[in-house]
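Enquirer: Let me give you the structure first, and then I'll get to my questions.
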Amino acid sequence: MMSGRTKLELTWIGKDQEPRLEPRILIEDPELSYHAPFRVSENDIFDNRLIFGDNLLALKALEQEFTGKIKCIFIDPPYNTGSAFSHYDDGLEHSIWLSMMRDRLVLLRTLLKNDGSIWITIDDNEVHYLKVLCDEVFGRNNFVAHCIWQKVYSERMDAKGFSNSHDHILVYRKSEAFKVKQLPKEQNQQQFNFYDEVAKKYYRRRSLRKEGSESLRTDRPSMWYPIQAPDGSLIFPIKPDGTEGRWRWKEENVKERYSELEFVKKDGRWEIYVKQYLHDNPMRPPSTIWFQEEVGHNHEAKLEVKMFNKDVVFDTPKPERLLKRIIELSTDPNDIVLDSFAGSGTTGAVAHKIGRRWIMIELGEHCHTHIIPRMKKVIDGTDQGGISKMVNWKGGGGFRYYRLAPSLLEKDKFGNWVISKQYNAAMLAEAMCKHMGFTYCPDEQVYWKQGKSTERDYIYTTTQLVTREIADQIQTQMADGETLLICCKAYTVNPDDYPNITFVKIPQAVLKKCEFGRDDYSLSISQLPPKETVEQIELFGEEDGQ
Numbered sequence: 011m012m013s014g015r016t017k018l019e020l021t022w023i024g025k026d027q028e029p030r031l032e033p034r035i036l037i038e039d040p041e042l043s044y045h046a047p048f049r050v051s052e053n054d055i056f057d058n059r060l061i062f063g064d065n066l067l068a069l070k071a072l073e074q075e076f077t078g079k080i081k082c083i084f085i086d087p088p089y090n091t092g093s094a095f096s097h098y099d100d101g102l103e104h105s106i107w108l109s110m111m112r113d114r115l116v117l118l119r120t121l122l123k124n125d126g127s128i129w130i131t132i133d134d135n136e137v138h139y140l141k142v143l144c145d146e147v148f149g150r151n152n153f154v155a156h157c158i159w160q161k162v163y164s165e166r167m168d169a170k171g172f173s174n175s176h177d178h179i180l181v182y183r184k185s186e187a188f189k190v191k192q193l194p195k196e197q198n199q200q201q202f203n204f205y206d207e208v209a210k211k212y213y214r215r216r217s218l219r220k221e222g223s224e225s226l227r228t229d230r231p232s233m234w235y236p237i238q239a240p241d242g243s244l245i246f247p248i249k250p251d252g253t254e255g256r257w258r259w260k261e262e263n264v265k266e267r268y269s270e271l272e273f274v275k276k277d278g279r280w281e282i283y284v285k286q287y288l289h290d291n292p293m294r295p296p297s298t299i300w301f302q303e304e305v306g307h308n309h310e311a312k313l314e315v316k317m318f319n320k321d322v323v324f325d326t327p328k329p330e331r332l333l334k335r336i337i338e339l340s341t342d343p344n345d346i347v348l349d350s351f352a353g354s355g356t357t358g359a360v361a362h363k364i365g366r367r368w369i370m371i372e373l374g375e376h377c378h379t380h381i382i383p384r385m386k387k388v389i390d391g392t393d394q395g396g397i398s399k400m401v402n403w404k405g406g407g408g409f410r411y412y413r414l415a416p417s418l419l420e421k422d423k424f425g426n427w428v429i430s431k432q433y434n435a436a437m438l439a440e441a442m443c444k445h446m447g448f449t450y451c452p453d454e455q456v457y458w459k460q461g462k463s464t465e466r467d468y469i470y471t472t473t474q475l476v477t478r479e480i481a482d483q484i485q486t487q488m489a490d491g492e493t494l495l496i497c498c499k500a501y502t503v504n505p506d507d508y509p510n511i512t513f514v515k516i517p518q519a520v521l522k523k524c525e526f527g528r529d530d531y532s533l534s535i536s537q538l539p540p541k542e543t544v545e546q547i548e549l550f551g552e553e554d555g556q
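Residue numbers for the sequence shown, in our numbering: 11 to 556.
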């Protein structure tokens with residue numbers, strides 16, 4: 011018998027080693043931020059964010075402010091193909107790739123709105139492992155779709171074996187509140203050659219009698235019933251050859267929508283048609299197969315990248331039409347779209363052009379060589395490639411550029427943890443707010459009200475020695491019911507004398523909360539466990555079982 015605690019899951023070496031991430035603050039670099047000099051329209055969006063730094067630390071940095079606020083996440087992670095892409099340290103040992111994805115997916119799920127969704131492009135090498143991993147993180151019941159994207163427009167004649175023509179797009183939701191939108195449905199106006207004088211609309215006829223496969227009375231016996239004709243006779247779904255068929259609609263639907271039916275007598279027998287009006291049903295549900303004619307292909311994407319950087323073109327960029335499809339299926343105007351593997355910046359470019367707010371994270375130097383030049387052209391309106399003409403893009407809006415702050419703590423020459431010398435007073439105050447669960451919002455009038463967790467619970471961070479004189483002065487300014495957390499290097503007061511004030515020391519107060527001094531959680535072969543450790547695990551299993 012199986013244990014009641016046993017569950018179906020994907021396992022790998024190092025799965026139990028979850029990172030203890032430091033919640034860094036973000037520092038804006040105004041020289042790299044960019045905004046249009048004037049409003050192009052009332053819908054311009056200026057509060058977009060481009061973050062340069064390790065994407066796992068950046069996601070942790072966003073957690074406090076954006077938990078439950080992101081409507082759509084699109085990521086195009088390294089595919090782990092072993093091809094050693096020039097822009098990513100790709101082709102890694104499988105366990106490292108799985109840990110990398112798990113750690114990021116957990117944080118990404120936290121950031122999603124309740125009605126939000128995540129879309130992940132991946133190839134054949136990892137798609138099935140990623141599906142199982144996403145089932146664990148998001149819940150198998152929150153799987154939405156597995157779409158196939160035709161990424162090329164012709165077969166490779168030099169392929170050994172199969173010519174790979176597609177990539178995968180896995181779609182998961184945060185909860186049942188997510189509803190995928192529909193796509194515009196093209197209608198051939200020549201087919202709508204009848205005119206309804208009452209409705210003042212053109213329409214086409216569709217037989218109410220079911221045609222094609224599963225059209226016999228025996229297939230759906232409940233769909234065999236009589237409908238009264240204008241002359242009072244009863245009409246059954248009998249085919250011209252005399253075979254007993256069935257209706258498309260249930261009997262109750264016929265009664266409710268009788269006015270939509272048209273009765274036509276042909277060769278002495280009645281035919282019943284449904285009137286389908288032009289433009290009445292202009293939408294259709296999205297298919298799980300996305301052809302390159304509709305959403306673009308890799309070559310198209312490379313041409314788009316060349317428009318703003320001719321020297322370095324990505325191997326596998328995504329076309330703007332593909333991102334337009336994803337974002338429009340999952341968001342409304344002004345929703346936030348997040349891409350934590352930003353690459354050449356396609357997600358932000360498309361989101362910007364169709365009126366969505368965006369956050370992009372990128373660690374590579376192409377953040378500066380590709381994304382910033384691209385977004386400047388988008389904002390200036392000089393980028394008329396991609397979907398620009400399709401959506402009549404004229405420019406406008408802007409973004410703020412952020413870097414991850416350095417680690418809050420560093421070791422001195424004696425190996426002791428101390429506050430980093432790169433932190434000024436404001437940075438330290440903001441960082442301690444994040445570490446202690448407060449929102450950073452300095453009060454212009456009261457210096458010790460640097461942040462708050464509730465309307466009456468505050469935090470004050472200082473590198474001063476907190477004496478009785480300082481504590482007394484603060485206490486006299488505190489209103490009834492207010493509480494305060496003071497974070498300082500040292501204090502000489504008796505905490506029991508101040509029941510509404512809590513005193514903690516830095517760095518002791520945060521030292522065990524997370525891992526300090528680590529700036530890189532990206533993919534790296536150096537993160538693999540030693541060979542002898544792997545061999546021991548394979549031979550003897552771990553202490554708690556195989």
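Ideal placement from N, C-alpha and C gives every residue a C-beta, glycine not left out.
Return the chain-ordered list of same chain residues with a C-beta closer than 7 Å to the C-beta of residue 59, the five sequence neighbours on each side being excluded.
Expert: Here the set comprises 369, 409, 410, 412.
Enquirer: What are the uninterrupted segments assigned as alpha helix (DSSP H) that are 4 or more residues long and contained completely in the stretch 357–427, given in chain order?
Expert: As far as the stretch 357–427 is concerned, its whole alpha helix (DSSP H) runs of at least 4 residues are 382–390.
Enquirer: With respect to the beta strand (DSSP E) encompassing residue 286, which residues constitute its N-terminal and C-terminal limits?
Expert: 279–287 is the span of the beta strand (DSSP E), which, as asked, contains residue 286.
Enquirer: Would you say residue 123 reaches chain B, if we count a Cβ-Cβ gap shorter than 8 Å as a contact?
Expert: Any reference to chain B falls outside this structure, which holds one protein chain only.
Enquirer: Here's a check: name, in chain order, each residue in its chain whose Cβ is nearer than 6 Å to the Cβ of residue 125, leaving out the five neighbours to either side.
Expert: These residues qualify, in order along the chain: 187, 188.
Enquirer: For the 8 Å Cβ check, are there 3 or more pairs between the stretch 479–488 and the stretch 380–392?
Expert: Contact between the stretch 479–488 and the stretch 380–392 is absent, because fewer than three Cβ pairs lie under 8 Å.
Enquirer: Applying the criterion that 16 or more other CB atoms from any shown protein chain within 10 Å of the CB defines a buried residue, is residue 172 buried or exposed?
Expert: Flag for residue 172 reads exposed.
Enquirer: On the criterion of 16 or more Cβ atoms from any shown chain inside 10 Å, does residue 250 qualify as buried, or is it exposed?
Expert: Residue 250 should be labelled exposed.
Enquirer: In the DSSP assignment, find the unbroken alpha helix (DSSP H) run with residue 155 in it and report its ends.
Expert: Taken as a continuous stretch (DSSP letters only), residue 155 belongs to no alpha helix (DSSP H), being part of the beta strand (DSSP E) at 153–160.
Enquirer: Can the beta-carbon of residue 137 be found closer than 8 Å to that of residue 115?
Expert: In this structure, residue 115 does not lie closer than 8 Å to residue 137 by Cβ.
Enquirer: How far does the alpha helix (DSSP H) with residue 143 in it reach, from first residue to last?
Expert: 137–148 is the extent of the alpha helix (DSSP H) around residue 143.
Enquirer: For residue 451, count neighbouring Cβ atoms within 10 angstroms of its own Cβ and tell me buried if that reaches 16, exposed if not.
Expert: By the neighbour-count rule (16 or more Cβ atoms within 10 Å), residue 451 is not buried but exposed.
Enquirer: Which residues does DSSP list as the beta-bridge partners of residue 180?
Expert: Partner(s): 130, 156.
Enquirer: Quick check for students: name the residue ranges of the beta strand (DSSP E) that lie wholly in the stretch 22–56, counting only runs of 3 or more.
Expert: Segments of the beta strand (DSSP E) lying fully in the stretch 22–56: 36–38.
Enquirer: Select from 180, 221, 447 the residue whose C-alpha is nearest the C-alpha of residue 300.
Expert: The option with the nearest alpha carbon to residue 300 is 180.
Enquirer: To the nearest angstrom, how far is it from the Cα of residue 27 to the Cα of residue 84?
Expert: When rounded, the distance between both Cα atoms is 26 Å.
Enquirer: Compare the C-alpha of residue 222 against each of 206, 256, 241 and name the closest.
Expert: Ranking the options by Cα distance to residue 222, first place goes to 256.
Enquirer: Which residue from 329, 276, 191 puts its Cα closest to that of residue 312?
Expert: Ranking 329, 276, 191 by Cα distance to residue 312 puts 329 first.
Enquirer: Name the DSSP beta bridge partners of residue 58, please?
Expert: Partner(s): 409.
Enquirer: Is it the case that the Cβ atoms of residue 55 and residue 89 are separated by a distance below 8 Å?
Expert: Result no, Cβ atoms of residue 55 and residue 89 do not sit closer than 8 Å.
Enquirer: Below 8 Å between beta carbons: does that hold for residue 285 and residue 213?
Expert: Their beta carbons are under 8 Å apart, which means residue 285 touches residue 213 by this criterion.
Enquirer: Are residue 470 and residue 29 touching if we call contact CB-CB under 8 Å?
Expert: No.
Enquirer: Looking at the secondary structure, which residues open and close the beta strand (DSSP E) in which residue 497 lies?
Expert: Taken as a continuous stretch (DSSP letters only), the beta strand (DSSP E) holding residue 497 covers 493–498.
Enquirer: Could you work out which residue in 339, 215, 258 is closest to residue 224 when comparing CA atoms only?
Expert: Residue 224 has its Cα closest to that of 258, out of 339, 215, 258.
Enquirer: In whole angstroms, what is the alpha-carbon distance linking residue 81 and residue 319?
Expert: For residue 81 and residue 319, the distance between alpha carbons rounds to 30 Å.
Enquirer: Of the choices 71, 86, 121, 499, whose alpha-carbon is the least far from that of residue 78?
Expert: Ranking 71, 86, 121, 499 by Cα distance to residue 78 puts 121 first.
Enquirer: Return the bridge partner residues of residue 257 from the DSSP annotation.
Expert: For residue 257, which the question treats as bridged, DSSP gives the partners 219.
Enquirer: Can you tell me whether residue 305 is buried or exposed, with buried defined as 16 or more other CB within 10 angstroms of its CB?
Expert: Buried.
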